[in-house]
Structure formats: C-alpha cells, structure tokens
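To start, the structure itself, in structure tokens.
Numbering (full-length UniProt numbering), first residue to last: 1 to 197.
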C-alpha cells in the first residue's frame, strides 16, 4: 500500500507541483484540492465497498494508480516542453488519489480479517500494520533524496509496485465479500500455488 506512493504525494505534493512550474500559491491550492478530493473519495468508500466486490475495486485501483503515476512521470519529464503540463500534473495526481482511495487505500486495512481465520488473524494484521508503517517511514524519509537523484523518474518504483499489485490481485487475491472466512482461507492455503476465484 505505502510503496504505491500515496504518502509521497501527500507529504510532498507542494514541492512536486512547484517542480513542474506552478507558483508556491498555486501549488498550495492544488495541494488543498488533493486533500479535499481524498476526503470526498473516503466518504464514498463505504458505499463502493457494499456495491462492488473487493477484487474489482482492487484491480481498478491498482491499475488506475499505475497509469496515473506513469502519466505523472511523463508530465514531470516533459514539463519544460509544454507550458501547461503543470496543470496536467494536478490532474494526474488527482486521478491517482481517486484511484488510490477506491481500493489500495481502504482495502488493506480490513482484508486481513477476511483472508485469515481467527487464530492467525492477529499476527497477520500486526505484520500488515508493521509493514505499512515501516514503508510509510521509508517513503517519508527517502522521497526527497530520491527526487533529487532521480528527478522526474522518482515515481517509477511506485509504478512498478502498482503493476505488481495489479498482478498479485489478479492472480492471487480471492474475492472475500460475502464469503465465509474458512472458505477464503482454504483458497489461499497454498500460497502462490493457490487458485483464486
């Protein structure tokens, strides 16, 4: 979840917007827009979770995030060639946040309770939380240095992560909505050899 780059966007969006030519004031307003969109999307998440299955939302989210971040990378790379790419940068980040909030954002927080039976569930949820906060820390601390070194390509590892997540969801994440946890746990009991439906 965190390696998909969301906190790099939330923590450093003002500097990202400034790097593509927006003024400081415009960058701050764009950042405010990102926060408002995130709040709006979060308010719709409970409705979406009840209406659509987890796999569909996860696939849409992961693939949408990958495409949005790839577009953001291209916009950042070609920012000097087209003067209005600063505004395209805003659109790509808004799209990224919208895609993130419909799947990658909320689903990891509860999917463990739908994948694991009662006895391994606490350990699984604890490991998930540890990895989430650990990656959050790494992104928060390393992103500015990586942005200096890699420049426009700083989000490519996040694109790769989103593509990998898309494949992981497509081939290994079973649908959990409305299913008994015992049935779901049996579906994933063979790890990467499991056949999911």
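Just so you know, even glycine gets a beta-carbon here, dropped at the ideal spot from N, CA and C. No experiment lies behind these values; they were computed from the predicted model shown.
Unbroken alpha helix (DSSP H) run spanning residue i, endpoints
| i | result |
| --- | --- |
| residue 28 | 24 to 51 |
| residue 170 | 156 to 172 |
| residue 74 | 54 to 77 |
| residue 106 | Run containing residue 106: none; DSSP gives neither H nor E here. |
| residue 177 | Where residue 177 is concerned, there is no enclosing alpha helix (DSSP H), given that its DSSP letter is neither H nor E. |
| residue 86 | 85 to 101 |
| residue 18 | 6 to 19 |
For residue i, the nearest candidate out of the options (CA to CA)
| i | options | result |
| --- | --- | --- |
| residue 168 | 104, 43, 30, 28 | 104 |
| residue 92 | 51, 138, 17 | 17 |
| residue 126 | 138, 139, 117, 112 | 112 |
| residue 12 | 39, 28, 119, 165 | 28 |
| residue 2 | 189, 171, 109, 152 | 109 |
Contacts around residue i, its chain only, beta-carbon distance under 6 Å, and the 5 residues preceding and following it disregarded
| i | result |
| --- | --- |
| residue 33 | none |
| residue 162 | 4, 62, 65, 66 |
| residue 19 | none |
Contact check, residue i vs residue j, beta carbons under 9 Å
| i | j | result |
| --- | --- | --- |
| residue 99 | residue 132 | no |
| residue 6 | residue 97 | yes |
| residue 8 | residue 154 | yes |
| residue 117 | residue 182 | yes |
| residue 158 | residue 106 | no |
| residue 114 | residue 51 | no |
| residue 21 | residue 83 | yes |
Cβ shell of residue i (< 7 Å), same chain only, five flanking positions each side left out
| i | result |
| --- | --- |
| residue 24 | 18 |
Contact set for residue i: own chain, Cβ-Cβ below 8 Å, skip 5 residues either direction
| i | result |
| --- | --- |
| residue 60 | 99, 102, 103 |
My parser needs the alpha helix (DSSP H) runs of 4 or more residues fully inside the segment 121 to 150; what are they?
If we require 4 residues or more, the alpha helix (DSSP H) runs fully inside the segment 121 to 150 come out as 121 to 150.
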